[in-house]
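The number in my numbering is simply the position in the sequence shown, starting from 1, with 46 added.
C-beta: ideal position from N, C-alpha, C; glycine also.
In what follows, a single structure is set out as structure tokens and then discussed.
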Amino acid sequence: MISHLFPIDFSLLYLSISCPFLLSPENKSKKYWYVLLFFIFCIRKQKKISLLHSDRIRAKYKDVVIQCCASGGRANWGMLRGFDEFWVSDNTDALQRIYMQYGTSYFFPAIAMASHISAVPNHTVFRTTSLKYRIDVAMSGRLGMEIQPKNMTDEEKALCKKAISEYKEIRPVVQFGDLYRLVSPYDNQGLSSIMYVSEAKDKAVFYWWKIANFYNVHLPLVKMAGLDANKMYKVRELDVIDNKPLDCEGKSYSGMYLMEHGLEMPYTNEVDWGKKTDWSSRVLYLEAQ
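And the structure:
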């Protein structure tokens, strides 16, 4: 309808809204400004209507978990008043989600960041990542499932069932704890790492993802953060698939040691030969003794 009233190149209009400095002066006609103002007016009215509807639905269904999503993702502070979570992106590839969720965490908390375990090959980038890797990435946000149980093996179902149970245990720390960004995926160090620490500093969840795979690669030792230097923390790995436990499994370390030295993480998962992949990740649960 708008195009009939104002015959204008809407690609230019979109470009001007996104990057107005890129549009040349000759394209900025009076007609263009009328359409731009009308376009902005429509967006503002739509947002007000959306807020009214979400407020009404939220008031009526207080106990229903509602996700804010709009064809690919919807991260909006104002809209979150009527929703419990938002969809970060339709791209659920675990590797790219590490980058996306790392950046998103600067503005939004984990409790609102929907992070789902999806099928492979991924429907957006067609990458095949291990199920454990997908689980470990999804558990760093608001865990969900985006996968058909009928297409899963019994072993895969068991691993996901175990992951859901373990996530419920760490959920208070992940969703309400303090976030510490340890290694950024954008620093090109071959890994990314974050951790959540409870307010009382008695519990913490440490995440470690290998994001590059090269023969004889050397990855930096990750120092933890946010712990109580004087407390002793017992280590327990979650989402375990290895045939043998980590060297740190069940052992206790001082907060000072973990923050000044860190723990060695194996670069691969020790599984049967037929189950080996080039993806490696770890999730450690730390509890003060």
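Checklist entry - Which same chain residues, not among the five before or five after Tyr179, have their C-beta less than 6 Å away from its C-beta? => result Position 133 of the sequence shown, counted from the start, is the residue given in the question as residue 179. Ala140, Trp325 and Ser327.
Checklist entry - With a CB to CB cut of under 7 Å and the five nearest residues on each side skipped, what residues in its chain are close to Ile257? => result Counting from one through the sequence shown, the residue named residue 257 turns up at place 211. Hits under 7 Å: Leu141, Ile144, Pro231, Gly236, Leu237 and Ser238.
Checklist entry - Taking Cβ to Cβ, would you say Glu201 is nearer than 8 Å to Ile163? => result Within the sequence shown, numbered from 1, the residue matching residue 201 stands at position 155. Within the sequence shown, numbered from 1, the residue matching residue 163 stands at position 117. No.
Checklist entry - Since Glu333 and Leu284 are thought to touch, with beta carbons under 8 Å apart, how far apart are those beta carbons, to the nearest angstrom? => result In the sequence shown, counting from the first residue as 1, residue 333 sits at position 287. In the sequence shown, counting from the first residue as 1, residue 284 sits at position 238. Contact doesn't hold; Cβ gap of about 12 Å is too wide.
Item to check | Meets three-Cβ-pair contact criterion under 8 Å: the region 303-318 and the region 217-226 | outcome: Between the region 303-318 and the region 217-226, the count of Cβ pairs shorter than 8 Å is below three; the stretches do not touch.
Item to check | Segment contact, 8 Å Cβ cut-off, at least three pairs: the region 167-183 with the region 128-139 | outcome: Result yes; three or more Cβ-Cβ pairs closer than 8 Å.
Checklist entry - So is Leu177 buried or exposed if we call it buried at 16+ other beta carbons inside 10 Å? => result Position 131 of the sequence shown holds residue 177. By the neighbour-count criterion, in which 16 or more other beta carbons inside 10 Å mark a residue as buried, Leu177 falls on the buried side.
Checklist entry - Just to confirm, does Trp133 get its C-beta within under 7 Å of one of the non-hydrogen atoms of the ligand ZN? => result No copy of the ligand ZN occurs in the structure displayed, which carries no ligand at all.
Checklist entry - Among the residues of its own chain, which have a CB less than 8 Å from the CB of Tyr279, if the five just before and after it don't count? => result Here the question's residue 279 lines up with position 233 in the sequence shown. Scanning its chain for C-beta atoms nearer than 8 Å, with the 5 sequence neighbours on each side dropped, one finds around Tyr279 the residues Ala250, Leu273, Ser298, Tyr299, Ser300, Gly301, Leu304, Leu332, Glu333, Ala334 and Gln335, in chain order.
Next on the checklist: Given this structure, state the Cα-to-Cα distance separating Ser100 from Asp130, to the nearest angstrom.
Outcome noted: Stepping through the sequence shown from its first residue, residue 100 is reached at position 54. Stepping through the sequence shown from its first residue, residue 130 is reached at position 84. Their Cα atoms are separated by approximately 11 Å.
Item to check | Residue nearest to Val229 in terms of C-alpha spacing, selected from Leu267, Gly296, Val286 and Leu309 | outcome: Numbered from 1 along the sequence shown, position 183 holds the residue referred to as residue 229. The residue with the shortest Cα to Cα distance from Val229 is Leu267.
Checklist entry - Assuming Arg188 and Ser161 make a contact with CB atoms under 8 Å, what is their CB distance in whole Å? => result Within the sequence shown, the letter at position 142 stands for residue 188. Within the sequence shown, the letter at position 115 stands for residue 161. Contact between Arg188 and Ser161 holds, since their C-beta atoms are separated by about 6 Å, short of 8 Å.
Item to check | Close Cβ partners of Phe67 (< 6 Å) along its chain, the five nearest in sequence each way excluded | outcome: Here residue 67 refers to the residue found at position 21 when the sequence shown is read from its first residue. Interpretation of Phe67 is limited by its pLDDT of 39, a score under 50 that renders its predicted location unreliable; the figure taken from the coordinates is listed afterwards. None.
Next on the checklist: Could you check whether Ala156 and Leu225 sit closer than 8 Å to each other, using their CB atoms as the reference points?
Outcome noted: Here residue 225 refers to the residue found at position 179 of the sequence shown. Here residue 156 refers to the residue found at position 110 of the sequence shown. For Leu225 and Ala156, yes; Cβs fall inside 8 Å.
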